[in-house]
Each structure stands twice: as C-alpha cells, then as structure tokens.
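All the letters of the sequence shown, read from the start, carry residue numbers -11 to 133 under our numbering.
Data first, discussion second: the structure below is written as structure tokens.
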Amino acid sequence: MLVSLLLVGIIAQSNLIAIAACVLLILRFSRLHFIFPLLERRGLEVGLLFLLLSILVPIAQGSVTEKDLIYNITSLPGIMAIVGGAVATHMNGEGLKLLGVRPEIIFGLVIGSIFGIVFFRGVPVGPLMAAGIAALYLEIFYRRK
-11 MLVSLLLVGI IAQSNLIAIA ACVLLILRFS RLHFIFPLLE RRGLEVGLLF
39 LLLSILVPIA QGSVTEKDLI YNITSLPGIM AIVGGAVATH MNGEGLKLLG
89 VRPEIIFGLV IGSIFGIVFF RGVPVGPLMA AGIAALYLEI FYRRK
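What follows is the structure in structure tokens.
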C-alpha cells in the first residue's frame, strides 16, 4: 500500500505524499515500528506546530507592522480574513474529530487531494480541511435521510 502511495505521489508530483510514503517505508523496513504509535498520536500536532511557526515568522522578524495589523482588523479584506480563519479553524476541528472517529477516511482524502492536484492544479495543505469539508458533507447527507 505504501509503495502504491509513493508511486501516486510521484506521478501526481506531490512531494509531500511521496516523502511521507518514503519515510513510512523506511521506518517499516528498518524495524522502527515503535515510532508508528508516536507518529499517530503526536504527528499531527507537530505538523501543525511547524505550520503555525512558519506563518508567524513575519511577525517574529518584525516585517509586519502595527499599521499592517490595524489595517487587517479594520478593513473589509482583513475582516473577511478573520471570518475565513475562524470558519477554517472550525472546519479543521470538525475534520480532526472525523479523523479521530474514522481514521480510515484518510485514504479517500489522499485520493481526493491527488485528484485536486492533478486535475485542478490545487495545493495540498493537509488532511484537516479536506476532512472538515467531508464532515460537513456527511452531516448534510445524514440530515436529509
């Protein structure tokens, strides 16, 4: 399964998918299985930490001024960004819940991400938002029944 995922990552030109599959293959064949539970429990948190750190670097470097911050909380684009961030964060939380309850859904999310990369020139930013959207679709689907 991991070799298939590696090939799909290479074909879809998704470095993240290919590298993740390679790392897992290396861990599997080097008898480092004890790392799998740690990755499963804490990997997402560590990944989110690094994502947040990369986003906050401009603030730490001082390249974002007070004027920029004030503009971003008082202008229409800034207010829309705040609303978008709040909605996205909520959706990510719903996605995390869905992944916790049904971890096997990750395969569908990966396939969907690959389709998005190949056919829509999308950018894979991680499974949480995709899972959040899937959770929303599932909620709508099950409400109608």
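Glycine is no exception: its CB is placed at the ideal position from the N, C-alpha and C atoms.
C-beta atoms of residue i and residue j nearer than 7 Å
i	j	result
C6	L(-6)	Position check: residue 6 holds Ala in this sequence, whereas Cys was assumed. Their beta carbons are under 7 Å apart, which means A6 touches L(-6) by this criterion.
A119	L86	yes
L64	L116	no
Span separating the alpha-carbon of residue i from that of residue j
i	j	result
M161	F17	This structure cannot settle anything about residue 161, because the visible part of the chain is limited to -11 through 133.
E82	G114	14 Å
L41	S(-8)	32 Å
I93	L126	12 Å
A0	S101	10 Å
R90	A122	12 Å
V98	T62	37 Å
For residue j and residue i, believed in contact at Cβ under 8 Å, the rounded distance
i	j	result
G110	G104	4 Å
I23	L13	Going by Cβ atoms, the distance from I23 to L13 rounds to 13 Å, so no, they are not a contact pair.
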